[in-house]
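Trainee: Structure provided below as structure tokens; questions to follow.
In our numbering, the protein residues as written are 37 to 375.
Shown next as structure tokens:
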């Protein structure tokens with residue numbers, strides 16, 4: 037009998053001393069035993085590196101890597117380069133996973149669906165959302181009732197319509213695919229962009245399981261753009277650059293995604309305009325001016341794109357005319373649901 041494939045779980049670590057041990061404990065408790073754990077310290081300023089080394093002494097499956105600070109994407113890429121596993125999983129240093137997560141995912145890998153047609157594919161498991169106190173939050177995506185293989189083009193469309201899961205923490209990915217298409221470095225929203233590149237480059241699709249395995253712990257101060265509705269994150273800008281990439285590169289491979297890609301570009305610019313500080317809405321702000329120019333050049337698409345909601349359409353039309361005044365009005369209607 038052949039050996040079960042080794043899975044490498046990569047944990048980027050940056051100033052995570054307060055929660056890392058609990059995270060690693062949930063990985064060590066996995067029922068799938070051919071496992072290695074790579075803790076990649078990304079130039080932490082606290083005692084995270086020392087804690088990584090301490091934790092590694094408890095389990096021979098754990099290795100520790102250290103690098104200068106370069107962001108989570110660079111830490112993940114370093115982990116992939118040093119991984120021994122045939123398949124790669126990722127866990128953020130403040131999240132948790134359920135004990136049977138990788139066993140469920142590897143069972144799916146070892147029984148590939150016919151729809152994959154012998155090509156490489158990703159496996160996705162469900163997730164649940166927790167606050168810092170451990171209280172369950174409403175799920176971002178409803179769980180599947182049965183396993184489903186989603187072809188790459190369809191999965192990309194789901195991401196463009198905000199109905200798919202763009203996280204690589206809920207995925208099991210062939211290491212070779214990550215070596216050929218590494219995480220884009222230097223920008224937020226890198227998981228979304230990597231999906232766009234990887235799934236338009238030969239991956240057959242994503243096998244989505246009906247099980248839950250990953251627990252996202254929402255913490256104040258997270259880099260995600262939607263962690264705090266009152267804050268403005270660089271991610272609002274980076275995702276617009278990703279949207280431009282989709283229109284420029286992905287649609288050329290999947291022309292049927294053109295309408296969804298345009299909707300995504302418009303909707304992401306709407307989010308930017310609803311969150312950028314009004315004192316940055318100036319003639320000297322080149323990024324803001326580019327957003328406004330794009331919207332003025334695509335007024336017809338704003339009116340006619342069938343995938344935009346009526347509320348999105350109205351906001352885009354009036355923001356294109358008077359962005360600052362609309363923001364003042366929007367502030368008065370905060371909590372209306374358009375965030």
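Note that CB positions come from ideal geometry on N, CA and C, so glycine has one too.
(1) Decide if residue 364 is buried, meaning its Cβ has at least 16 other Cβ atoms within 10 Å, or exposed.
(2) Does the distance from the CB of residue 164 to the CB of residue 251 come in under 8 Å?
(3) Using CA coordinates, which residue listed in 310, 245, 290 is at the minimum distance from residue 368?
(4) Just mark residue 139 as buried or exposed, buried being the case when its beta carbon has 16 or more other beta carbons within 10 Å.
(5) Less than 8 Å between the C-beta atoms of residue 350 and residue 305, yes or no?
(6) Let me know the secondary structure DSSP gives residue 217 once reduced to three states.
(7) At 3 residues or longer, what runs of the beta strand (DSSP E) sit wholly inside the region 99–144?
(8) How far does the alpha helix (DSSP H) with residue 268 in it extend, from its first residue to its last?
(9) Please state whether the Cβ-Cβ distance between residue 42 and residue 99 is less than 8 Å.
(10) With the cut-off set at 8 Å, would you say residue 188 and residue 239 are in Cβ contact?
(11) Count the other C-beta atoms from every protein chain shown that fall within 10 angstroms of the C-beta of residue 447, then say buried if there are 16 or more, exposed otherwise.
(12) Spell out the partners DSSP gives residue 76 in its beta bridges.
(13) Where does the unbroken alpha helix (DSSP H) through residue 309 begin, and where does it stop?
(14) Excluding sequence positions up to five away, which residues of its chain have a Cβ less than 6 Å from the Cβ of residue 75?
(15) Give the straight-line distance between the Cα atoms of residue 265 and residue 307, rounded to the nearest whole angstrom.
(16) Please go through the region 191–242 and give each complete beta strand (DSSP E) segment of 3 or more residues, from N-terminal end onward.
(17) Which residues mark the beginning and the end of the alpha helix (DSSP H) in which residue 352 is found?
(18) Would DSSP call residue 184 helix, strand or coil?
(19) For the beta strand (DSSP E) containing residue 160, list its first residue and its last residue.
(20) Are the region 232–248 and the region 326–341 touching by the rule of at least three beta carbon pairs closer than 8 Å?
(21) Can you pull the DSSP bridge partners for residue 251?
(22) Using alpha carbons as the reference points, say which of 81, 212, 148 lies closest to residue 124.
Mentor: Looking at the atomic coordinates:
(1) The sequence position of residue 364 within the chain shown is 328, counting from 1. With fewer than 16 Cβ atoms within 10 Å of its Cβ, residue 364 is classed as exposed.
(2) On the chain shown, residue 164 is found 128 positions in, with the first residue counted as 1. On the chain shown, residue 251 is found 215 positions in, with the first residue counted as 1. Cβ atoms of residue 164 and residue 251: closer than 8 Å.
(3) Position 332 of the chain shown holds residue 368. Closest by alpha carbon: 310.
(4) Residue 139 sits at position 103 when you count from the first residue of the chain shown. The residue is buried, with at least 16 neighbouring Cβ atoms inside 10 Å.
(5) By one-based count along the chain shown, residue 350 stands at place 314. By one-based count along the chain shown, residue 305 stands at place 269. No. Outside cutoff.
(6) Translated into the one-based positions of the chain shown, residue 217 becomes position 181. Residue state, collapsed to three classes: coil.
(7) 123–126
(8) Position 232 of the chain shown, counted from the first residue, corresponds to residue 268. That residue, residue 268, is in no alpha helix (DSSP H); it is neither H nor E in DSSP.
(9) The count along the chain shown starts at 1 and reaches residue 42 at position 6. The count along the chain shown starts at 1 and reaches residue 99 at position 63. Cβ distance not < 8 Å, so residue 42 and residue 99 don't count as in contact.
(10) For the purposes of this step, residue 188 is taken as the residue at position 152 of the chain shown. For the purposes of this step, residue 239 is taken as the residue at position 203 of the chain shown. Against a cut-off of 8 Å, the Cβ pair of residue 239 and residue 188 comes out as a contact.
(11) Since the displayed the chain opens at 37 and closes at 375, residue 447 lies outside it and no answer follows.
(12) Position 40 of the chain shown, counting from 1, holds the residue named residue 76. DSSP lists 48, 101 as partners of residue 76.
(13) Locating residue 309 in the chain shown gives position 273, where the first residue counts as 1. Looking at the DSSP string, the run of the alpha helix (DSSP H) that includes residue 309 is 294–311.
(14) By 1-based counting over the chain shown, the position of residue 75 is 39. Only 47, 49, 88, 100 meet the Cβ criterion.
(15) Working through the chain shown from its first residue, we reach residue 265 at position 229. Working through the chain shown from its first residue, we reach residue 307 at position 271. In this prediction, residue 265 scores a pLDDT of 47, lower than 50, which makes its location untrustworthy; no coordinate-derived value is stated.
(16) 207–210
(17) The sequence position of residue 352 within the chain shown is 316, counting from 1. From DSSP, the alpha helix (DSSP H) with residue 352 extends over 346–357.
(18) On the chain shown, position 148 is the one that residue 184 refers to. Residue 184: strand per DSSP, three-state reduction.
(19) Position 124 of the chain shown, counting from 1, holds the residue named residue 160. Where residue 160 is concerned, the enclosing beta strand (DSSP E) stretches over 158–166.
(20) no
(21) Sequence index remark: in the chain shown, residue 251 carries index 215 (1-based). According to DSSP, residue 251 bridges with 132, 164.
(22) Within the chain shown, residue 124 is the residue found at index 88, counting from 1. Cα-wise, what sits closest to residue 124 is 212.
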